[in-house]
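Peer 1: So the protein sequences, as listed, match chains A and B.
In this text, residue positions in the first sequence follow the working numbering: the first is 1, and each later residue adds one.
In this text, residue positions in the second sequence follow the working numbering: the first is 1001, and each later residue adds one.
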Amino acid sequence: MSPQRPQATPSMPAPAMGESGYSAATFTPRALVIVFGAFLLLVAGSEAYAQMRTTGTDKSIVETLIRWTPLILFGPAGEFGGFALNIAVSFLAMAIGTVAGVVLGLGQISLSPAVRRLSWAVTQFFRNSPWLVLLFFVMLLTPFQIKLLGFTIPLPAWLKATFGLSLPVMANIAEIVRGSINSIPTSQWESAESLAFTRTQTLWRIILPQCVKRMTPPWMNWYAILTMATPLISIVGVNDAMTLAQDALAAEQRTDLLMPMYGLLLLFFFLYCYPIARWTLYLERKYAVKG
Amino acid sequence: MSPMNAPTASTLASWTPDQPIVAMRDVCKSFGSVEVLKGITFDVRKGEVVCVIGPSGSGKSTLLRCINALVPINSGSIKVEGQEVHDAKLDKLALRKKVGMVFQSYNLFPHKTALENVMMAPVLVLKRPPAEVEADARRLIAKVRLQGKENAYPGELSGGQQQRVAIARSLAMQPDIMLFDEVTAALDPETVKEVLVTIRELAEDGMTCMLVTHEMGFAREIGDHIYFTDRGVIVEHGPPATFFSEARDPRTRAFLSQIL
């Protein structure tokens, strides 16, 4: 039986977290307090403004926000949507983007010049295109359903939008993969080669396992960027949190609700993305020492 | 095609242990416009310990790397157990199974324990059963005097310990020849000795060894033959007894006087 990787033992060189006293446990909620405070101030300000100019028939801002919150978080009853859809889209787009990105990144270090050049070109194209334009392209270029072997597979708008978002993610992940493979010293390739490893064995058994640590923080960073980009799908007619917040505003017809409603939306995204950013930073510091 | 002319397994395997295990003829190698090897010719016999010495940049490391096809040569011939290395159709993997190599910077796999480092190639490359390989690997780790360090990661080992794991890792492939590329150059003086002891034991066991080294005392002690290279050519060679005391070439003498 092969031995299990031991837990950190005292003999292991202390990772950076030990030195800086930085760990997941000492997660400081300072930024959370500030953002939450700002949001409450915004609501309170809007409330005061509303009191000043209305006749008192309108419900309070807080009450209104609370009433719309379930819809914005989870979508209309019996339908999947809202912020939960944003998260679902972010998961799926990240999964597609990661798999495709790994393939594309490996393509860039292929021994075949044709594969290498093609992978490079695809990567550069999708890395340097605006996400929204890509999204429109995918929405317009793909049919609403595909017929395959007699089966009709519907392609709902949210799925097409997910695919559209996964393209720039793919290209950026490809760059992370290529970069981290190149960052492994060539001596690792040489020693594996001298042990008669094939190129594939060297890549999958020696090089890529060492890349995983290096790739994790930038990968998580791109996940957070992707999540924050998911409201883009509201433009192509998907019932995400952004669309529903706008629907709510349209239903209420109250200008004093604009800022608090969008503020609430910002808060949801912040609450979700900020811990990821902190965790990314923690992992970056942790892995910086041992590499 | 006539079966008489086609190379067959028997012609490739026609090498016998009384012939040189490594035979280099007029080997030339350039990196861009820099000529690193300018017509190197020598033989290594089975069981022989050959030491290559010379100033930095004289092509010593390149010389070793040509033998297991890590570095392709431009012209000449290298035969390892009768198999031509300078051949586009060379089965590099088959060659590298026979030739072990140890590097100056150890190059252990940092994400694997000492034991896993030693076990990986026999399991993945030779497809041997892991249980059997593990028993061998533990024996090899004991042989390089690292019992108890089986589950240590390279980062937890000293340079000398890492280098001994690297030697065990090469030996696990049961090679016919071991190449040592300045394996003690990155070590501090106290740990040099423990690595040299390991290599000496190997040599005493009859392993064919080629060492590129700056350890003159060690070369004199264990070498059967010393080669002095400078600027891509073999300037002088001979058995250590005569090489160190009766060097004729002025370049050799200048080098030895600096080192010794």
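Glycine included, every Cβ here is placed at the ideal spot set by N, Cα and C.
Quick one: which chain A residues come within Cβ less than 7 Å of residue 1110 of chain B?
Peer 2: As a first step, residue 1110 of chain B is located in the second sequence; it is residue number 110 there, counting from the start. Correct list: 210.
Peer 1: Is the shortest distance between the beta-carbon of residue 1180 of chain B and the beta-carbons of chain A less than 8 Å?
Peer 2: The residue given as residue 1180 of chain B occupies position 180 in the second sequence. Judged by the 8 Å Cβ criterion, residue 1180 of chain B is not in contact with chain A.
Peer 1: Would you decide whether residue 148 of chain A is buried or exposed? Buried here means 16 or more other CB atoms lie within 10 Å of its CB.
Peer 2: Translated into positions along the first sequence, residue 148 of chain A becomes position 148. By the 10 Å Cβ count, residue 148 of chain A comes out exposed.
Peer 1: May I have the straight-line CA-CA distance separating residue 1251 of chain B from residue 1234 of chain B, to the nearest angstrom?
Peer 2: Residue 1251 of chain B sits at position 251 when you count from the first residue of the second sequence. Residue 1234 of chain B sits at position 234 when you count from the first residue of the second sequence. Each residue's Cα considered, the two are about 11 Å apart.
Peer 1: Under the DSSP definition of a beta bridge, which residues are partnered with residue 1028 of chain B?
Peer 2: If you number the second sequence from 1, residue 1028 of chain B lands on position 28. DSSP output for residue 1028 of chain B lists B:1038, B:1075 as bridge partner(s).
Peer 1: Is there contact here, the region 1034 to 1052 of chain B with the region 1193 to 1211 of chain B, by at least three beta-carbon pairs under 8 Å?
Peer 2: The answer is yes - the region 1193 to 1211 of chain B touches the region 1034 to 1052 of chain B, with three or more Cβ pairs under 8 Å.
Peer 1: Quick check on residue 1101 of chain B - is its C-beta less than 8 Å from some C-beta in chain A?
Peer 2: Here residue 1101 of chain B refers to the residue found at position 101 of the second sequence. Interface residue, yes.
Peer 1: Which residues in the same chain have their Cβ closer than 6 Å to the Cβ of residue 74 of chain A, if we skip the five residues on either side of it in sequence?
Peer 2: Sequence index remark: in the first sequence, residue 74 of chain A carries index 74 (1-based). For residue 74 of chain A, where only same-chain residues beyond five positions count, the Cβ hits under 6 Å are 82, 84.
Peer 1: Looking at chain B, which residues of the region 173 to 200 of chain A have a Cβ within less than 9 Å of any of its Cβ atoms?
Peer 2: Cβ contacts with chain B: 185, 187, 188, 190, 191, 192, 193, 194, 195, 196, 197, 198.
Peer 1: Looking at chain A, which residues of the region 1054 to 1068 of chain B have a Cβ within less than 7 Å of any of its Cβ atoms?
Peer 2: From the region 1054 to 1068 of chain B, only 1068 have a Cβ closer than 7 Å to chain A.
Peer 1: From residue 262 of chain A to residue 214 of chain A, what does the alpha carbon distance come to, in whole angstroms?
Peer 2: In the first sequence, the residue the question calls residue 262 of chain A occupies position 262. In the first sequence, the residue the question calls residue 214 of chain A occupies position 214. Whole-angstrom Cα-Cα distance: 36 Å.
Peer 1: Within a Cβ cutoff of 7 Å, which residues of the same chain sit near residue 276 of chain A, ignoring the five residues on either side of it in sequence?
Peer 2: For the purposes of this step, residue 276 of chain A is identified with residue 276 of the first sequence, where counting begins at 1. Same-chain partners within the cutoff: 220, 223, 224.
Peer 1: Are the Cβ atoms of residue 1166 of chain B and residue 1102 of chain B separated by less than 8 Å?
Peer 2: Taking the second sequence and counting its residues from 1, the one referred to as residue 1166 of chain B is at position 166. Taking the second sequence and counting its residues from 1, the one referred to as residue 1102 of chain B is at position 102. Against a cut-off of 8 Å, the Cβ pair of residue 1102 of chain B and residue 1166 of chain B comes out as a contact.
Peer 1: Which residues in the same chain as residue 1253 of chain B place their Cβ atom closer than 6 Å to its Cβ, once the five residues preceding and following it in sequence are excluded?
Peer 2: To locate residue 1253 of chain B, count along the second sequence from 1; it is residue 253. Within the same chain, residue 1253 of chain B has close Cβ partners 1247.
Peer 1: For the alpha helix (DSSP H) holding residue 1285 of chain B, just list the boundary residues, first then last.
Peer 2: This structure cannot speak to residue 1285 of chain B, because chain B is shown only from 1001 to 1260.
Peer 1: Per DSSP, what kind of secondary structure is residue 255 of chain A in: helix, strand or coil?
Peer 2: As a working mapping, residue 255 of chain A is identified with position 255 in the first sequence. Looking at residue 255 of chain A - three-state DSSP - the assignment turns out to be helix.
Peer 1: What are the complete alpha helix (DSSP H) segments, minimum 4 residues, inside the region 1073 to 1155 of chain B?
Peer 2: As far as the region 1073 to 1155 of chain B is concerned, its whole alpha helix (DSSP H) runs of at least 4 residues are 1092 to 1098, 1114 to 1124, 1130 to 1143.
Peer 1: Closest to residue 104 of chain A by C-alpha separation, out of A:226, A:179, A:252, A:281, would be which residue?
Peer 2: Residue 104 of chain A sits at position 104 when you count from the first residue of the first sequence. Taking only the C-alpha atoms, the option nearest residue 104 of chain A is A:179.
Peer 1: Taking the continuous beta strand (DSSP E) assigned at residue 1050 of chain B, which residues delimit it?
Peer 2: Sequence index remark: in the second sequence, residue 1050 of chain B carries index 50 (1-based). Taken as a continuous stretch (DSSP letters only), the beta strand (DSSP E) holding residue 1050 of chain B covers 1049 to 1053.
Peer 1: Mind checking residue 1065 of chain B: buried by the 16 CB within 10 Å criterion, or exposed?
Peer 2: Here the question's residue 1065 of chain B lines up with position 65 in the second sequence. So residue 1065 of chain B counts as buried.
Peer 1: Contact criterion: CB-CB distance below 8 Å. Does residue 1023 of chain B meet it with respect to chain A?
Peer 2: In the second sequence, residue 1023 of chain B corresponds to position 23, counting from 1. So, not an interface residue.
Peer 1: With a cut-off of 8 Å on the beta carbons, I'd call residue 320 of chain A and residue 270 of chain A a contact; round off their distance for me.
Peer 2: As displayed, chain A neither begins before 1 nor continues past 291, which places residue 320 of chain A out of reach and without an answer.
Peer 1: Against chain B, does residue 214 of chain A count as a neighbour if the rule is that its beta carbon must be under 8 Å from one of theirs?
Peer 2: Here residue 214 of chain A refers to the residue found at position 214 when the first sequence is read from its first residue. Cβ-Cβ to chain B under 8 Å: no for residue 214 of chain A.
Peer 1: Using only the alpha-carbon positions, how far apart do residue 1340 of chain B and residue 1135 of chain B sit?
Peer 2: Because chain B here runs from 1001 to 1260, residue 1340 of chain B falls outside it and cannot be looked at.
Peer 1: Less than 8 Å between C-beta atoms, sequence neighbours within five positions excluded: which residues of the same chain meet that for residue 258 of chain A?
Peer 2: As a first step, residue 258 of chain A is located in the first sequence; it is residue number 258 there, counting from the start. Closer than 8 Å at Cβ, skipping near neighbours: 249.
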